[in-house]
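The structure under discussion appears below in the form of structure tokens.
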Amino acid sequence: MSVNIVPVKLSDLILTAGTQIREQINQDTVDRYADAIKAGDKFPPLSVYTDGKTRWLVDGFHRYYAHIKVKHKQTPAPLHDGSLQDAIAAACRVNQEHDTVGLARTNADKRRAVLTLLRLETWKDKSTRLIAEHCGVHHSTVADIKNQVSEIDTSKPASQTTGKDGKQYPGKKKKQ
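When the letters of the sequence shown are read in order and numbered with the numbering used here, they come out as residues 125 to 300.
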């Protein structure tokens, strides 16, 4: 994947395609960043993925809203070549360093990253440890989330057995 840093129009960025992994935007952080931008402080650039047509914001949602608040129309950003799935997977990985510097992720943010990654076709069958490493969480967290999801996943057909009469009956869930 190639990366080009170019001026990006903020109005061109898609924010609603599943790349926002945080549970919510922290308005105090947006306000603080906006004040810092007005004061001339420099921030890391936003991170954007593109398939050549669409540009998805992957990292920097609080900075994006701070730029909007100070009425910026564009900002330099690296453009990473990739699909929407690539963008979502990358979004699940970002913000790990913010646990020590910047706005720390909440447990809900971490859970959302794992759940989002598990929904991607290219990640749903990956190992618990690989998913944990990618999302910056402990592998037991991923295992717990996988178990919770499998218990409530109604999209999978329930286990069934065929009775002597040929009818289908709910069967016992197999232990793993």
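All C-beta atoms, glycine included, are put in the ideal place defined by N, C-alpha and C. These figures come from a predicted structure and were not determined experimentally.
- request: Specify the secondary structure class of Thr278 as computed by DSSP and reduced to three states.
  value: Any reading at Thr278 must be qualified, since the residue scores a pLDDT of 48, below 50, and its modelled position is unreliable; no value is offered.
- prompt: Going by alpha carbons, who is nearest to Tyr157 out of Ala237, Gln220, Gly226?
  reply: Closest in C-alpha terms to Tyr157, from the list Ala237, Gln220, Gly226, comes Gly226.
- prompt: DSSP state of Arg235, grouped into three classes?
  reply: Three-state result, Arg235: helix.
message: When you compare the CB positions of Leu137 and Arg187, do they come within less than 8 Å of one another, or not?
response: No, Cβ-Cβ distance for Leu137 and Arg187 is not below 8 Å.
task: Answer yes or no: do Ala232 and Val182 have a C-beta to C-beta separation smaller than 8 Å?
output: No, these two residues do not count as a Cβ contact at 8 Å.
query: Taking just the CA atoms, how far does Lys195 sit from Lys162?
result: Approximately 10 Å between the Cα atoms of the pair.
- prompt: With respect to the alpha helix (DSSP H) encompassing Gln151, which residues constitute its N-terminal and C-terminal limits?
  reply: Boundaries of the alpha helix (DSSP H) harbouring Gln151: 151 to 162, taken from the DSSP string.
task: Could you check if His262 is buried or exposed, using at least 16 other CB atoms within 10 Å of its CB as the buried criterion?
output: Residue burial is scored here from C-beta neighbours: His262 has fewer than 16 other C-beta atoms within 10 angstroms and is therefore classed as exposed.
- prompt: What's the C-alpha gap between Ser274 and Gly164?
  reply: When rounded, the distance between both Cα atoms is 49 Å.
- prompt: Taking Cβ positions, are Val218 and Val238 nearer each other than 8 Å?
  reply: Between Val218 and Val238, the CB-CB gap reaches or exceeds 8 Å.
query: Going by other Cβ atoms of all chains shown within 10 Å of its Cβ, with 16 needed for buried, is Val130 buried or exposed?
result: Exposed, because fewer than 16 other Cβ atoms sit within 10 Å of the Cβ of Val130.
- prompt: Quick one: is Ile149 buried, meaning 16 or more other Cβ sit within 10 Å of its Cβ, or exposed?
  reply: Exposed.
- request: On the DSSP bridge assignment, give the partners of Arg179 in chain order.
  value: Assignment of beta-bridge partners to Arg179 by DSSP yields Leu137, Thr174.
field: Endpoints, beta strand (DSSP E) assigned at Gln198
entry: 198 to 205 is the extent of the beta strand (DSSP E) around Gln198.
field: Residue(s) in a DSSP beta bridge with Ile212
entry: By DSSP's assignment, Ile212 forms no beta bridge with any residue.
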